[in-house]
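See below for the structure under consideration.
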Amino acid sequence: MARCQQLFGLWNKHNSDGYAKPLDARMGMQDCEQGKYASGVATLKKALERAQIPIPPVDVAQTPSTTPAPTLRPRGEKRRETQ
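In structure tokens form, the structure reads like this:
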């Protein structure tokens, strides 16, 4: 959903003409809202390409990480006891 919002926001920023807005971007966002993320993102990308707006890369922070989170160690006395 974050990717959908990113692409739609970018498209909306560059196309604030009021009546001249094509339905493609709105339909793509509607697909995302219904849980059809793949088709929504594809539709939004087509709308951006048609408007000649560069598509930003996927943000690394949005993709799920494959490495596990580091384990936290207790501080102070408890840490000395566990070592």
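In this text, residue positions in the sequence shown follow the numbering used here: the first is 887, and each later residue adds one. No residue lacks a Cβ here, since even glycine has one placed at the ideal position from N, Cα and C.
#### Entry: Pairwise C-alpha distance: I941 and L934
7 angstroms
### Message
What does the alpha-carbon distance come out to for the pair I939 and D917?
### Response
21 angstroms
### Message
Rounded to whole angstroms, what is the Cα-Cα separation between A947 and Q892?
### Response
In this prediction, A947 scores a pLDDT of 49, lower than 50, which makes its location untrustworthy; the coordinate-derived value is nonetheless stated afterwards. So the two alpha carbons sit approximately 13 angstroms from each other.
### Message
Tell me the residue span of the alpha helix (DSSP H) that contains G914.
### Response
909 to 919
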